[in-house]
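See structure below.
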Amino acid sequence: MHHKPPRHRTAGQEYKHLYSDKRWHGARGIRLQALKRDLYTCQRCGCSLVTTNRHHPQAAVVNHKTPHKGDPALFFDLNNCESACKSCHDALIQREEARGYSIGSDLTGRPTDPSHPWNW
Ligand SMILES: [Zn+2]
2 MHHKPPRHRT AGQEYKHLYS DKRWHGARGI RLQALKRDLY TCQRCGCSLV TTNRHHPQAA
62 VVNHKTPHKG DPALFFDLNN CESACKSCHD ALIQREEARG YSIGSDLTGR PTDPSHPWNW
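In my numbering, the protein residues as written are 2 to 121.
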């Protein structure tokens, strides 16, 4: 078992505690609050994030409009969070390439980007 070496500096690894925080991914966490506030609608293209299996809408991504860079004030700010679909989020990822990973995660709270520090 060997770990994939970080492609960039290890910034981001320190955010792990934020994404694993119940205030983010919990049943009353910011992620679900953002999705409910946005009525499970992509704030970028307006598509529905509710799939046929509403308990597993994997396409739903909650994005931080202002990169939190580990700042809990930004990370846990509902007003800084927006719901987006996978394809819109993928477009965001293009812009985030310089950062090396995406800030999105699916409904389980797991990052959708395999290169996210969580998945190292
Ligand atoms: Zn969209």
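Don't be surprised by glycine CBs; every beta carbon is placed ideally from N, CA and C.
In this text, all values refer to a predicted model and were calculated from it rather than measured experimentally.
C-beta contact flag for residue i and residue j at 8 Å
i	j	result
residue 41	residue 61	yes
residue 82	residue 48	no
residue 79	residue 35	yes
residue 30	residue 23	yes
residue 71	residue 33	no
Closer than 7 Å: residue i CB and nearest ligand 1 heavy atom
i	result
residue 49	no
residue 85	yes
residue 21	no
residue 29	no
residue 38	no
residue 1	Not covered by the structure: residue 1. The range shown for the chain is 2 to 121.
residue 82	no
Where residue i sits in the DSSP three-state scheme
i	result
residue 85	strand
residue 22	coil
residue 74	helix
Cross-strand partners of residue i (DSSP beta bridge)
i	result
residue 64	83
residue 49	42
Whole-angstrom distance between residue j and residue i, CA atom to CA atom
i	j	result
residue 69	residue 16	9 Å
residue 58	residue 50	Note that residue 58 has pLDDT 46, beneath the 50 cutoff, so the model's placement of it is unreliable and no number is given.
residue 46	residue 67	19 Å
residue 65	residue 76	7 Å
residue 74	residue 91	25 Å
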